[in-house]
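Visitor:
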Amino acid sequence: PSQLTDREAMGGRGDSAGFIALVQATAAATGGVFAAFVLMPLEVAKMRIQLSHGGDLSTFGMLAGILAEEGFAGLFKGCSAKCFETGSKNFIHFYIYDVISAVAKRRVDLTTGVKLLLGYLAGVGDTMFTMPLEVMATKVLAEKSNDSMFVLVKRVLDKEGFGGLFNGFWYNIMLCVNPAIQNTGFDKVKDWIIAAQMKNGVKSPALSAFQAFLLGAFAKAIATIITYPLVRLKTILQAGQELARKVSESSVGPPFQRTSSKEMLLALAEREDKLPAAQGPLQKVAELYRGIGSALMKSVLQAAFLYMTRDQVAGFVRTFFKLSAKAFFRKDGTVKLGVFSGRPLAS
Numbered sequence: 019p020s021q022l023t024d025r026e027a028m029g030g031r032g033d034s035a036g037f038i039a040l041v042q043a044t045a046a047a048t049g050g051v052f053a054a055f056v057l058m059p060l061e062v063a064k065m066r067i068q069l070s071h072g073g074d075l076s077t078f079g080m081l082a083g084i085l086a087e088e089g090f091a092g093l094f095k096g097c098s099a100k101c102f103e104t105g106s107k108n109f110i111h112f113y114i115y116d117v118i119s120a121v122a123k124r125r126v127d128l129t130t131g132v133k134l135l136l137g138y139l140a141g142v143g144d145t146m147f148t149m150p151l152e153v154m155a156t157k158v159l160a161e162k163s164n165d166s167m168f169v170l171v172k173r174v175l176d177k178e179g180f181g182g183l184f185n186g187f188w189y190n191i192m193l194c195v196n197p198a199i200q201n202t203g204f205d206k207v208k209d210w211i212i213a214a215q216m217k218n219g220v221k222s223p224a225l226s227a228f229q230a231f232l233l234g235a236f237a238k239a240i241a242t243i244i245t246y247p248l249v250r251l252k253t254i255l256q257a258g259q260e261l262a263r264k265v266s267e268s269s270v271g272p273p274f275q276r277t278s279s280k281e282m283l284l285a286l287a288e289r290e291d292k293l294p295a296a297q298g299p300l301q302k303v304a305e306l307y308r309g310i311g312s313a314l315m316k317s318v319l320q321a322a323f324l325y326m327t328r329d330q331v332a333g334f335v336r337t338f339f340k341l342s343a344k345a346f347f348r349k350d351g352t353v354k355l356g357v358f359s360g361r362p363l364a365s
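Numbers 19 to 365, taken from this note's numbering, label the letters of the sequence shown in order.
1) Out of 91, 53, 281 and 137, which has the shortest C-alpha to C-alpha gap to residue 315?
2) Looking at the unbroken alpha helix (DSSP H) that takes in residue 178, where does it start and where does it end?
3) Helix, strand or coil for residue 45? Go by DSSP, reduced to three states.
4) Go ahead and label residue 301 buried or exposed: buried means 16 or more other beta carbons lie within 10 angstroms of its beta carbon, across all protein chains shown.
5) For the alpha helix (DSSP H) that residue 119 lies in, which residues bound it at each end?
6) Assign residue 125 to buried or exposed, taking buried as 16 or more other Cβ atoms, counted over all protein chains shown, within 10 Å of its Cβ.
7) Helix, strand or coil: which one does DSSP assign to residue 222?
8) Judging by CA-CA distance, which residue of 193, 224 and 218 is the nearest neighbour of residue 207?
9) So, for residue 335: in the same chain, excluding its five sequence neighbours on each side, which residues have a beta-carbon less than 6 Å away from its beta-carbon?
10) To which residues of the same chain is residue 287 closer than 6 Å at the C-beta, ignoring the five residues directly before and after it?
11) Would you call residue 317 buried or exposed, if buried means 16 or more other Cβ atoms sit within 10 Å of its Cβ?
12) May I ask you to report which of helix, strand or coil DSSP gives residue 145?
13) Using the Cα positions of residue 209 and residue 235, report the straight-line distance between them to the nearest angstrom.
14) With distances taken Cα to Cα, identify the nearest neighbour of residue 107 among 86, 98, 149 and 120.
15) Using the C-alpha atoms, what's the distance from residue 35 back to residue 26?
16) With DSSP as the reference, label residue 138 as helix, strand or coil.
17) Which residue comes first and which comes last in the alpha helix (DSSP H) that contains residue 128?
18) Residue 80: buried (16+ other C-beta within 10 angstroms of its C-beta) or exposed?
19) Once the 5 residues before and after residue 109 are set aside, which same chain residues still bring their CB inside 6 Å of it?
20) What separation, rounded to the nearest whole angstrom, lies between the Cα atoms of residue 37 and residue 130?
21) Find out if the Cβ-Cβ distance for the pair residue 248, residue 189 is shorter than 7 Å.
22) Mind checking residue 155: buried by the 16 CB within 10 Å criterion, or exposed?
23) Within 10 Å of its beta-carbon, does residue 197 have 16 or more other beta-carbons around it, so buried, or fewer, so exposed?
24) Are the beta-carbon atoms belonging to residue 143 and residue 201 less than 7 Å from one another?
25) Looking at the unbroken alpha helix (DSSP H) that takes in residue 238, where does it start and where does it end?
26) Which of the three DSSP states is assigned to residue 89 in this structure?
27) My output table needs one value for residue 270: the three-state DSSP class, helix, strand or coil.
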């Protein structure tokens with residue numbers, strides 16, 4: 019079965035493509051916020067490791083340090099900003115993806131390549147709308163002060179102008195391939211599993227919550243490993259740090275700033291607590307992936323929770339929307355209650 023057919027089954031065969039997209043987007047946003055909240059301590063630890071340029075703190079070492087210095091509240095710093103960003107991003111991404119998938123299915127077969135392209139376009143769409151939220155959520159997590167998001171927004175606008183809210187924009191556009199790889203991989207393997215279930219005579223083929231958890235984790239792990247160096251570079255730029263390389267092999271003082279993407283990636287591959295001559299090629303590659311352990315742990319678990327809860331939540335969301343529509347609107351589209359009683363929805 020195609021991806022859209024499977025989603026139609028979750029939304030109801032008589033439902034419109036727009037309604038199915040709304041249900042899926044709402045379910046994805048709900049699952050995303052839940053996962054972001056539960057995994058917030060990992061997000062805080064991951065961010066601080068990504069922004070560091072020396073030392074060898076593990077994820078659990080970082081978590082222990084935060085707990086010791088800032089208490090339990092430090093593990094949930096910026097939680098509201100991150101949850102709002104995640105919910106908004108998931109809603110817009112999945113809504114765009116479902117809508118353009120429905121349109122594309124009428125014209126072409128949804129092959130793996132087509133799904134990758136649709137996923138990328140959906141990523142570009144949600145980036146256009148949610149980039150400022152991502153930048154500010156990153157700054158809230160990176161700042162040592164406890165200033166509110168509104169204070170930080172004003173500071174960014176005063177210092178960098180409106181463009182400061184879109185730091186790392188073009189890196190994010192390139193990184194839109196990340197959710198495209200993730201969602202396409204998930205849907206492709208999901209289709210194989212459901213097809214196998216149908217072949218074996220299963221009456222209601224579907225992924226179990228545990229299967230969705232494992233599949234979501236696998237898809238996110240692949241996408242994260244492929245794109246991680248750019249993810250880390252984007253995070254550092256959004257946090258307001260300047261990347262630089264040492265002027266000479268023997269210098270240990272302030273670095274010399276470089277601005278091109280190539281130079282920034284080269285700077286990202288060098289530790290600040292070791293001389294360049296002491297860092298071999300493998301060490302530099304490993305430095306590009308600084309924090310990959312915490313990033314994989316957090317991203318994989320978040321994606322797994324999202325995929326595990328999305329299909330479960332979709333049924334409740336659909337029922338809620340249906341009941342709400344019956345409570346407030348008649349079959350002809352007129353409103354049942356209040357001063358607008360008897361008026362059509364479009365009036």
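C-beta atoms are modelled at their ideal positions from N, C-alpha and C, and glycine is treated no differently. Bear in mind that the values here come from a model prediction, so they are computed numbers and not experimental data.
Guide: If we stick to the structure as given:
1) 53
2) 167-178
3) helix
4) exposed
5) 97-123
6) exposed
7) coil
8) 224
9) 41, 44 and 45
10) 302, 305 and 306
11) buried
12) helix
13) 17 Å
14) 149
15) At residue 26, the pLDDT of 48 sits below 50, so the modelled position is not reliable and the matter cannot be decided from this model.
16) helix
17) Looking at the DSSP string, residue 128 is not in any alpha helix (DSSP H), and its letter there is neither H nor E.
18) buried
19) 43 and 47
20) 25 Å
21) yes
22) buried
23) buried
24) no
25) 227-256
26) coil
27) Any reading at residue 270 needs caution, since the residue's pLDDT is 46, under 50, leaving its predicted position unreliable; the model's value is listed next. It is coil, neither helix nor strand.
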